[in-house]
Amino acid sequence: MQDLPLALIAEITHRCPLHCVYCSNPLAMASAHAELSTEEWQGVFEQAAKLGVLHLHLTGGEPLAREDAAQLVSFAHACGLYTNLITSGIGLSERRWHDLVASGLDHIQLSFQDSRETSANWIAGTRAHALKLSIAAMIRQSKVAFTVNMVVHRQNIERLDEMIALAESLQPQRLEIAHVQYYGWAWKNKQALLPTREQVAESLDKISAAQKRLMGIIRIDSVVPDYYARFPKACMGGWGRRELLVDPSGKALPCHAATVIPRLEFENVRQRSLEWIWLHSDSFQRFRGEDWMPMPCRDCDRRKLDFGGCRCQAFMITGDAAATDPVCSLAPAHGLIEQELLHANRGRTADHSSQKSEHAPLWVYRAQPG
Amino acid sequence: MELESSSQPRLAAGCRWAGEGENRTIVFPEGALRLEQTARVVLELCDGKRTFDEIVRELERAYDKSDPATIRRDAARFLERLWQKKVVEF
Ligand code: SF4
Ligand code: SF4
Chain L
25 MQDLPLALIA EITHRCPLHC VYCSNPLAMA SAHAELSTEE WQGVFEQAAK
75 LGVLHLHLTG GEPLAREDAA QLVSFAHACG LYTNLITSGI GLSERRWHDL
125 VASGLDHIQL SFQDSRETSA NWIAGTRAHA LKLSIAAMIR QSKVAFTVNM
175 VVHRQNIERL DEMIALAESL QPQRLEIAHV QYYGWAWKNK QALLPTREQV
225 AESLDKISAA QKRLMGIIRI DSVVPDYYAR FPKACMGGWG RRELLVDPSG
275 KALPCHAATV IPRLEFENVR QRSLEWIWLH SDSFQRFRGE DWMPMPCRDC
325 DRRKLDFGGC RCQAFMITGD AAATDPVCSL APAHGLIEQE LLHANRGRTA
375 DHSSQKSEHA PLWVYRAQPG
Chain X
7 MELESSSQPR LAAGCRWAGE GENRTIVFPE GALRLEQTAR VVLELCDGKR
57 TFDEIVRELE RAYDKSDPAT IRRDAARFLE RLWQKKVVEF
């Protein structure tokens with residue numbers, strides 16, 4: 025029997041006051057007037073809870089760009105869902121925070137772009153860093169579980185120790201150190217973001233030292249850049265296996281980036297029930313299980329661990345969504361990744377202070393949905 | 007950190023129970039754990055009021071066929087593991 029989903033990622037809006045160069049939102053974003061209404065989202069949460077979903081991750085864009093964020097949390101909480109707010113913190117006034125806590129929010133994840141104000145603002149394309157620090161202090165005074173998320177990449181990874189120290193001073197229960205994954209805007213900015221081999225090795229040492237030192241005080245999880253891994257990540261825990269995502273306009277996706285795959289039609293929660301979409305839609309069935317798998321995945325012992333890797337990454341790099349994820353060292357197309365790494369490891373690490381003055385911009389900032 | 011006789015273990019911030027009876031699951035920010043019977047009983051006793059000693063005594067009563075030293079050791083190991091994962095605080 026087909027397993028039912030355990031987590032729902034609700035991208036409640038694509039609007040965001042920040043313009044992060046690594047944003048994983050699709051380049052074609054859902055506009056404000058296409059967004060599901062409060063009642064429509066509530067209907068989705070109710071169905072999810074009935075299906076057995078445990079976690080609801082409210083994200084965006086910036087979920088707080090929606091006025092009804094607390095109302096949505098409160099409804100989801102009443103359905104029995106574990107609610108997690110993934111936010112940049114912008115828009116979180118004391119009043120709103122109070123409402124969210126009272127609504128039964130279980131967990132908040134606050135993201136930081138850097139340990140230093142100027143670079144953080146430079147990465148986010150806006151001045152947000154100082155505000156985030158004061159928001160962290162406010163969160164810490166409540167009982168809501170708190171995770172600090174630090175996004176690392178070529179331009180800031182050398183300050184990892186500083187970023188860990190900053191996180192420590194904010195006293196969260198958890199710290200997530202997430203290397204940028206190359207989707208959406210990050211895909212466009214890959215050359216500026218992909219770290220060198222040396223940077224990655226150094227960062228892994230720093231992370232494991234911090235994990236030892238902070239054991240039992242702050243739990244540190246880290247997401248390694250899969251370009252440097254031997255095997256791919258188990259994207260979304262397997263296609264259509266554990267998680268589903270609903271985008272601002274109600275489109276149900278098996279993965280954040282799935283809209284890049286051509287000839288894949290996505291159902292909308294406005295027309296179909298979540299259960300029907302999960303069990304019967306073509307998009308959720310397409311790469312579910314093992315029947316679609318090519319060689320060498322078909323015969324590989326790791327196929328139950330990584331499910332052949334990420335379909336979107338396979339498509340973006342090889343042009344074939346049913347190919348073995350090219351980051352896998354066994355993939356026929358792995359040479360393409362090796363080429364990228366060769367390029368990334370040539371010459372010195374980019375230094376943004378000198379880059380800034382050049383005419384050619386280092387990267388493009390995430391735009392706003394129309 | 008060592009679990010002591012007088013420690014009062016409880017679920018850490020952001021961790022809570024979901025579901026009913028056999029299906030009771032412990033949910034935390036990055037996932038969920040469905041515990042087998044004994045583990046569930048241990049964790050249900052972690053209410054932040056009972057000391058570790060009191061928890062062990064209740065377990066001895068519930069599992070009177072098992073060796074008390076083993077019960078104590080297993081419960082301590084289990085709770086320390088969950089402490090490392092930030093699921094339990096004491
Ligand atoms: S990554 Fe940055 S720009 Fe993208 S949604 Fe998050 S805060 Fe906004
Ligand atoms: S060959 Fe396929 S299943 Fe095996 S490790 Fe690589 S991606 Fe995973």
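Chains as they are written, first to last, in this note's numbering: chain L, 25 to 394; chain X, 7 to 96.
By construction, the Cβ of each residue, glycine as well, lies at the ideal position given by its N, Cα and C atoms.
Rounded to whole angstroms, the gap between the alpha carbons of residue 95 of chain L and residue 69 of chain L is 12 Å. Shown here, residue 245 of chain L sits in a strand according to DSSP, grouped into three states. Taking the Cα positions, residue 318 of chain L is about 30 Å away from residue 47 of chain L. DSSP, read as helix, strand or coil, puts residue 69 of chain L in helix. Cβ neighbours of residue 325 of chain L within its own chain (closer than 7 Å, five residues either side excluded): none. The three-state reading of DSSP puts residue 261 of chain L in helix, counting H, G and I together. Residues of chain L whose Cβ lies closer than 8 Å to the Cβ of residue 27 of chain X do not exist, since the nearest Cβ in that chain is about 15 Å away. Only 167, 168, 169, 170, 171 from the segment 165–177 of chain L bring a Cβ to less than 8 Å from some Cβ of chain X.
Judged by DSSP secondary structure, residue 37 of chain X falls within the beta strand (DSSP E) whose first and last residues are 37–40. For residue 14 of chain X, no chain L residue has a Cβ inside 7 Å of its Cβ, as the nearest lies near 16 Å away. Closest option to residue 227 of chain L, judged by alpha-carbon separation, among L:203, L:78, L:53, L:83: L:203. In the displayed model, residue 43 of chain X falls within a helix according to three-state DSSP. Secondary structure at residue 135 of chain L: strand, using DSSP grouped into helix, strand and coil. In the structure shown, the three-state DSSP call for residue 171 of chain L is strand. Taking 7 Å as the Cβ-Cβ cut-off, the segment 94–112 of chain L approaches chain X at 104, 106, 108, given in chain order.
Between ligand 2 and residue 92 of chain L, a heavy atom-to-CB distance of less than 7 Å is absent. Your pair residue 201 of chain L and residue 135 of chain L does not check out as a contact, with CB atoms roughly 11 Å apart and the cut at 8 Å. The beta-carbon of residue 23 of chain X is placed no less than 8 Å from the nearest beta-carbon of chain L. Neighbours of residue 197 of chain L in chain X, taken as residues at a C-beta separation under 7 Å, are given in chain order as 18, 19, 20, 92. Listed in chain order, the non-local C-beta contacts of residue 130 of chain L below 6 Å within the same chain comprise 106, 107, local neighbours out to five positions each way being set aside. Taking 7 Å as the cut-off, the C-beta of residue 360 of chain L does not count as close to any heavy atom of ligand 2.
Shown here, residue 348 of chain L sits in coil according to DSSP, grouped into three states, outside any helix or strand. The residue from L:79, L:205, L:307, L:309 with its alpha-carbon nearest to that of residue 50 of chain L is L:205. At a threshold of 7 Å, residue 327 of chain L counts as near ligand 2, since its beta carbon sits closer than that to one of the ligand's heavy atoms. The bridge partners DSSP lists for residue 53 of chain X are X:16. Nearest Cα to residue 162 of chain L within the set L:60, L:125, L:173, L:248: L:125. According to the DSSP assignment, residue 120 of chain L belongs to the alpha helix (DSSP H) that extends over 118–126.
By the neighbour-count criterion, in which 16 or more other beta carbons inside 10 Å mark a residue as buried, residue 343 of chain L falls on the exposed side. Residue 255 of chain L has its CB nearer than 7 Å to a heavy atom of ligand 2. Close CB contacts of residue 54 of chain X within its chain, under the 6 Å cut and outside five residues either way in sequence, are with 14, 16 (chain order). Taking each of L:248, L:345, L:322, L:184 in turn and checking the Cα distance to residue 288 of chain L, the smallest one comes out for L:345. Only 78, 79 from the segment 65–85 of chain L bring a Cβ to less than 8 Å from some Cβ of chain X. The three-state secondary structure of residue 76 of chain X, taken from DSSP, is helix. Interface with chain L (8 Å Cβ-Cβ cutoff): residue 68 of chain X is excluded. With fewer than 16 other Cβ atoms from the protein chains shown falling within 10 Å of its own Cβ, residue 328 of chain L counts as exposed.
Between ligand 2 and residue 355 of chain L, a heavy atom-to-CB distance of less than 7 Å is present.
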